[in-house]
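The opening position of the first sequence corresponds to residue 28 in our numbering, with each subsequent residue numbered one higher.
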Amino acid sequence: MSQTAIWWIRRDLRLQDNQALNAALEANQKIIPVFIMDTRLLDSPYASPQRVAFLFDGLRSLQAGLEPRRGRLTLQEGEPVAVLSRLMETSSARMIYAEPDYSPFANRRDRQVEAELPVEWVGSPAIQPPGSVLKSNGEPYIVFTPFSKAWQALPAPGVPAIRSDQPLDTPENLDSLLFPDQPALQEQIPFMAGELEAKQRLNAFVRGAGSPIFEYTQARNQLDQEGTSQLSPYLRFGMISPRRVYSAARQSIQAAKNPADRKAAETWINELIWRDFYIHILHHFPRVRQGNFRMQSVPWLNDISQFTAWKNGETGYPVVDAAMRQLLQTGWMHNRARMITASFLTKDLLIDWRWGERWFMQHLLDGDPASNNGGWQWTAGTGTDAAPYFRIFNPISQGQRHDPKGSFIRRWLPKLASVPDQFIHEPSKMPDEIQRRAGCRIGKDYPAPIIDHHAARERALSAYRQAH
DNA sequence: TTTTGAGTTGTTCGA
DNA sequence: GTCGAACAACTCAAA
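Structure below.
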C-alpha cells in the first residue's frame, strides 16, 4: 500500500535542500506539492503586486523542476484549513509536511491548521531556527553582537544531500494545475524567479579567487556598483536554502587567500546572521509589527504631502529620489539606500516609520516582515539594537561618499543627466546659467529640496530628545 | 546582586 | 585636510 503525503509549499520554493520535502519523501511514495494562494494576504495593506508576480514566476519554475520527477504542482486558492482538508479527503493523503513560518499572521494560520489536521513541521526559513539562540537564562537576545556570538558558537547546520533523482509521483486525479491571471513581472525588474537563477547568482558571488564576496567590505556601500549579492528576493521565497548560502560562504572563507578576503566574507556572513536575528526577534516579540520596540512615542509630524514626495522620489535630494525610483522600477533597493531613505523619512521628515515600512512592503520583491521591520526600527532608533537617535544621515554627504560620480543618481533621475558633477548632489545650488545649460531648471525639471536638512536635523534631535 | 564593558552602517565642530 | 570628541545616557549581557 503506497502512502501519500502533502508537501505544503509556503516560502520554500525549491527542490534542493528542502527539509520538508525530504521528510515527506522519506516516509511516502506519492507526494502532492501544493501551494495555497491565501486571498487574505493579497488584500493586506502590505501586499505587493510585483512580489506576487515574482512568486508566481517562482511557482512556474518550480513546476518545471517537478515535471522530470513525475511531480505536479497543485495550485489552490482559499483558506488553508479548508483547502487542505478537502485535498486530504480527495487524495487520501495521511500527512502534511511544511516548513515553519514565523510572522504573526503565519503563526496564527499554522496553529489553526495543526489543530485540525496532521502536520509535521520540518526545517526553518532561518539558518538557526528561532528558539535555538538564547541567553544562558533562557531569554532571547535583543542585542545583535552577543546574539551573533552565540549563533556562531552553535554547530553549523548541515546541508542535506541532493535528492534530485527521487520521483515524487504526484497522483493524477487531482484538481488540475491552474495559474490564474496575475500581473506579469514588469520588464525592467532585474530578477528572474527560480531556483536555478538563485544558484547561479550565489555561485557568481562566492566562487573563485576574485569573486565579489571578497570585495564586499569596500564594495557593499557603493551605490554605483553591484557589490552586494542581490540574493534577498530568492531568500525571501526560499528559492535557495539559507543553509546552502551560508555553507557556500563558509567554503569561500576556506578558500580565502589573505586575511582581508576572509574578513570580507565574514562581513557578508554577518548579514546572513542579521537576517536570522530579525527572524528571531519577530518570533519572540511579535508586537514589533504593531509599534516601537522601545521609545514610548516619537512626536511624528506625518505630513501627507511630504510623504507623497518621498514615495515618488521628489524630495529634491538626488540620492533619496534616485533610490526611491530604483525601488519603484526594479522592486529592489540597495541596502545603503534603504538606510538613507529611511533616515530621511523618519528623521528629516519626522514621519512614522510604519508608513515607510508599509511602502517598502508594497514594492520590495524581497519584502519580508522580519527584515523590513527590523531595518525600519533600527533606522528610526526605536528598535531592539537600534541606531542612537542622534545618528542622522546627511543625504548630501552620503551621496558624495557612496555615489561619488553621481552615476547612480543619473541612472535613476535622467533629468539630472547633464548636471555637472560639482552640483549632482545639490542641484538646487546651480546658478541659473548652469541650470539652463544642463537642461535642468530647479522647481521645473527637478524639485527644490522639500526641507532644509540642517534645520530638519536640529528638529529631529529635539523631537527625539523629548521622546526619550 | 552587583559590577563592568560594550553597543552595524553618522555628523559636526573645533583644535 | 585631519583628528578626536561630543552627541546622551541607557540598557544589555555576562562575569
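Each residue gets a CB set at the ideal place from its N, CA and C atoms; glycine is no exception.
Between the region 58-66 and the region 147-158, do three or more beta carbon pairs fall short of 8 Å? The region 58-66 makes no contact with the region 147-158, as fewer than three CB pairs between them are under 8 Å.
Starting from lysine 57 and walking both ways along the beta strand (DSSP E), at which residues does that stretch end? Per DSSP, the continuous beta strand (DSSP E) segment holding lysine 57 begins and ends at 57-64.
Would you check if the distance between the CB atom of leucine 258 and the CB atom of tryptophan 327 is smaller than 8 Å? At a Cβ-Cβ threshold of 8 Å, leucine 258 and tryptophan 327 do not count as neighbours.
Do phenylalanine 83 and glutamine 213 have their C-beta atoms closer together than 8 Å? Taking the C-beta atoms as reference points, glutamine 213 is found no nearer than 8 Å to phenylalanine 83.
Methionine 122 bridges to which residues according to DSSP? Ala32
Complete runs of the beta strand (DSSP E) confined to the region 319-398 [at least 3 residues]: none
Using the C-alpha atoms, what's the distance from glutamine 404 back to methionine 366? 11 Å
Since phenylalanine 62 and leucine 100 should fall inside the 8 Å C-beta cutoff, what is the C-beta to C-beta distance between them, to a whole number of angstroms? 7 Å
Aspartate 44 and arginine 418: beta carbons closer than 8 Å? no
Please go through the same chain and pick out, in chain order, the residues whose beta-carbon is closer than 7 Å to the beta-carbon of proline 217, but skip the five residues on each side of it. Thr357
Are the Cβ atoms of leucine 229 and isoleucine 267 separated by less than 8 Å? yes
Under 8 Å, do proline 145 and isoleucine 123 count as touching if we go by C-beta distance? yes
Work out the CA separation of glycine 98 and threonine 197 for me, nearest whole Å. When rounded, the distance between both Cα atoms is 5 Å.
Quick check on arginine 363: buried or exposed, where buried means 16 or more other Cβ atoms within 10 Å of its Cβ? So arginine 363 ends up on the buried side.
So, for proline 345: in the same chain, excluding its five sequence neighbours on each side, which residues have a beta-carbon less than 7 Å away from its beta-carbon? Gly426, Ile436, Leu440, Leu443, Ile451, His452 and Pro454
Does the distance from the CB of threonine 411 to the CB of isoleucine 169 come in under 8 Å? yes
Report the CB separation of methionine 360 from tryptophan 337 in whole angstroms; it is logged as a contact under 8 Å. Contact between methionine 360 and tryptophan 337 is ruled out by a C-beta separation of about 13 Å, above the 8 Å threshold.
State the beta-bridge partners of arginine 469 as determined by DSSP. Checking the displayed sequence, the identity of residue 469 turns out to be isoleucine instead of arginine. The partner list for isoleucine 469 (beta bridge, DSSP) reads Tyr473.
Leucine 68 (DSSP reduced to helix, strand or coil): Correct three-state label for leucine 68: helix.
Taking the DSSP output, what are the residues bridged to leucine 161? Pro167
Going by alpha carbons, who is nearest to lysine 226 out of Leu40, Gln449, Lys176 and Glu143? Leu40
Can you tell me where the beta strand (DSSP E) holding glutamine 193 begins and where it ends? No beta strand (DSSP E) contains glutamine 193, which DSSP labels as neither H nor E.
Starting from the C-beta of arginine 385, find all residues in its chain whose C-beta is less than 7 Å away, skip the five residues before and the five after it, and write them out in chain order. These residues qualify, in order along the chain: Pro72 and Tyr73.
What do you reckon, are the CB atoms on leucine 48 and glutamate 222 nearer than 8 Å? No, these two residues do not count as a Cβ contact at 8 Å.
DSSP three-state label for glutamine 103, please. strand
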